[in-house]
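K.L.:
Residue numbers (our numbering): 91 to 409. Glycine is no exception: its CB is placed at the ideal position from the N, C-alpha and C atoms. On a predicted model such as this, the values are computed, not experimentally measured, just so you know.
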Amino acid sequence: MYYLGLDGGGTKTAAVLCDAEGKILRKTRMGPGNIAVLDRGSLAQLIRNILAELLQGEKIESIEWGTFAFAGAGRPEEKKTASELLRGVGLKNFSVLSDGEILYYSIFGDETGILIAAGTGSICLLKTKQGKFKQLGGWGYLLGDEGSGFDIGRMAIQTVLDDLSTGKKPSGFSDKILRFYGLENPDNLISIIYSSINPPNLIASCAKLVSELAELNQPEATRIIEKATDSLVEYAEQAVHYVGNNSLGSYNVALAGGILRKSSYINQRFKEKIEKKGLNFKYWTQDFEPAAAGVVYSFRQLNRIVPPSLMDALKEIKF
91 MYYLGLDGGG TKTAAVLCDA EGKILRKTRM GPGNIAVLDR GSLAQLIRNI LAELLQGEKI
151 ESIEWGTFAF AGAGRPEEKK TASELLRGVG LKNFSVLSDG EILYYSIFGD ETGILIAAGT
211 GSICLLKTKQ GKFKQLGGWG YLLGDEGSGF DIGRMAIQTV LDDLSTGKKP SGFSDKILRF
271 YGLENPDNLI SIIYSSINPP NLIASCAKLV SELAELNQPE ATRIIEKATD SLVEYAEQAV
331 HYVGNNSLGS YNVALAGGIL RKSSYINQRF KEKIEKKGLN FKYWTQDFEP AAAGVVYSFR
391 QLNRIVPPSL MDALKEIKF
């Protein structure tokens, strides 16, 4: 019998399959798995493709438990939609989580903490002393995602279009953004965004460049990164309010996602701003890739002990 962990994010979907003895059988990585962006048919096909890759012809009934986490699955309605799709492809025993929930689990396990994640999108997820999840942000690119790669990219592209609207010659910053997208004419930027299959990913793709320019003190980039960082700090302040005071006077916090990776400039600016506000954060690091944590979650749904050798092997998995 097999155990499966899957993490579908805004950029990629990663999955791991192992057996009951703790041997990792296969892992795979495919395209985005955001249920707020993909239509039902595309999501169902993605799941089928992943299962085919992992099972290699074996029956789907061999999966004793699967943990499926998707971006955009934070509310009961989306979890219900995902569950219907999973049953539709033949799965019977599974859990559906949001990508934020499995990421939280991959870092804190069952501990109380605050997760602030910024990749293509952004979210703040915390667990209160009562053991309940509370979500701040994470409403998707149309309604939120402040401080995310999408937010940074959107502000960068708006800066380029502001130059176009005012008739100004594109600034050095605008030129760099246009070159990033392989363009010379700002007008074409509008066309490639609106004709893209996945506009949020395309917009977010320039965020790393903006961060690098901010680190070099480029004015427009600095303004954008400071605004994005302030949004993430605001998440943190709201989260502290919900968690409440504790006897140690410190808070378990994890920063995750491509935008907030440990070596990033935004990570540095976030920590500097938090320190200035007098907040005492104990920063946790991620032990598992979320998909690997999904395997652990699957074992525990059936009250099975995770073999120590599997725990070690799962920590080594990278996508």
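Enumerated in chain order, which unbroken segments of the alpha helix (DSSP H) with a length of 4 residues or greater are wholly contained in the stretch 239-325?
P.N.:
239-256, 262-270, 276-284, 289-294 and 297-305, all fully within the stretch 239-325.
K.L.:
Compare the C-alpha of Arg-313 against each of Leu-96, Arg-116 and Gly-243 and name the closest.
P.N.:
When only C-alpha atoms are compared, the closest one is Gly-243.
K.L.:
So does the stretch 152-166 actually touch the stretch 182-192, counting three or more Cβ pairs closer than 8 Å?
P.N.:
Judged by Cβ distances under 8 Å, the stretch 152-166 makes contact with the stretch 182-192, as three or more pairs qualify.
K.L.:
Once the 5 residues before and after Ala-237 are set aside, which same chain residues still bring their CB inside 6 Å of it?
P.N.:
In the sequence on display, residue 237 carries Gly and not Ala. The residues are Ala-208, Ser-212, Ala-318, Ser-321 and Leu-322.
K.L.:
Taking 8 Å as the limit between beta carbons, can you name the residues of its chain near Ile-407, skipping five residues before and five after?
P.N.:
So the list reads Val-106, Ile-114, Lys-117, Phe-378, Glu-379, Ala-381 and Ala-382, once near-sequence residues are dropped.
K.L.:
What is the C-beta distance between Pro-122 and Asn-288, in whole angstroms, given that I count them as a contact (C-beta under 8 Å)?
P.N.:
Contact flag correct, Cβ pair sits at about 7 Å.
K.L.:
Which of the three DSSP states, helix, strand or coil, is assigned to Glu-201?
P.N.:
Coil at Glu-201, not helix or strand.
K.L.:
Starting from Thr-157 and walking both ways along the alpha helix (DSSP H), at which residues does that stretch end?
P.N.:
Not the alpha helix (DSSP H): Thr-157 falls in the beta strand (DSSP E), residues 153-160.
K.L.:
Please say whether Arg-119 and Ala-104 have beta carbons closer to each other than 7 Å?
P.N.:
Going by C-beta atoms, Ala-104 is nearer than 7 Å to Arg-119.
K.L.:
Quick check on the burial criterion: 16 or more other C-beta atoms within 10 angstroms. Buried or exposed for Asp-235?
P.N.:
Asp-235 comes out buried.
K.L.:
Give the DSSP-derived three-state secondary structure of Gln-146 in the structure shown.
P.N.:
Gln-146 falls in the coil class under three-state DSSP.
K.L.:
Note the first and the last residue of the continuous beta strand (DSSP E) segment covering Gly-95.
P.N.:
Segment 92-98, the beta strand (DSSP E) holding Gly-95.
K.L.:
Give me, in chain order, the residues of the same chain whose beta-carbon lies closer than 6 Å to that of Glu-201; leave out the 5 immediate sequence neighbours on both sides.
P.N.:
Once the five neighbours on either side are set aside, Glu-201 has no close Cβ partner at all.
K.L.:
Starting from the C-beta of Gly-368, find all residues in its chain whose C-beta is less than 8 Å away, skip the five residues before and the five after it, and write them out in chain order.
P.N.:
If we look at Gly-368 and ignore the five residues flanking it on each side, it has no Cβ neighbours.
K.L.:
Taking DSSP's pairing of strands, which residues face Phe-389 in a bridge?
P.N.:
Answer is none; Phe-389 lacks a bridge partner.
K.L.:
Helix, strand or coil for Phe-360, going by three-state DSSP, please let me know.
P.N.:
Reduced to three states, the DSSP call for Phe-360 is helix.
K.L.:
Could you tell me the alpha carbon to alpha carbon distance between Gly-40 and Leu-94, rounded to whole angstroms?
P.N.:
Outside the shown range of the chain, which is 91 to 409, sits residue 40, and nothing can be said about it.
K.L.:
For Pro-290 and Tyr-231, which I take to be in contact (beta-carbon distance under 8 Å), what is that distance rounded to the nearest angstrom?
P.N.:
Indeed, because the Cβ distance is near 5 Å, the residues count as touching under 8 Å.
K.L.:
In its own chain, which residues sit with a C-beta less than 6 Å from the C-beta of Met-245, not counting the 5 before and 5 after it?
P.N.:
Same-chain partners within the cutoff: Ile-314.
K.L.:
Can you tell me whether Tyr-471 is buried or exposed? The criterion is at least 16 other CB atoms within 10 Å of its CB, across all chains shown.
P.N.:
No answer is possible for residue 471: the residues shown for the chain start at 91 and end at 409.
K.L.:
Quick check on DSSP: helix, strand or coil for Lys-169?
P.N.:
Helix.
K.L.:
So which of Ile-349, Leu-216 and Ala-304 has the shortest CA-CA distance to Tyr-341?
P.N.:
Here the closest residue by C-alpha is Leu-216.
K.L.:
Kindly indicate which three-state DSSP category Val-333 falls into: helix, strand or coil?
P.N.:
If DSSP states are grouped into helix, strand and coil, Val-333 belongs with the helices.
K.L.:
Just to confirm, does Ala-318 get its C-beta within under 6 Å of one of the non-hydrogen atoms of the ligand HEM?
P.N.:
The model depicted lacks the ligand HEM and carries no ligand whatsoever.
K.L.:
Sort Gln-358, Ala-346 and Asp-402 by Cα distance to Gly-99 and report the nearest one.
P.N.:
Answer by Cα proximity: Ala-346.
K.L.:
Exposed or buried, Ile-293, counting other C-beta atoms within 10 Å across all chains shown (16 or more means buried)?
P.N.:
Under this definition Ile-293 is a buried residue.
K.L.:
How is Leu-350 classed by DSSP in three states: helix, strand or coil?
P.N.:
Coil, per DSSP.
K.L.:
Does DSSP put Ala-126 in a helix, a strand or coil?
P.N.:
Coil, per DSSP.
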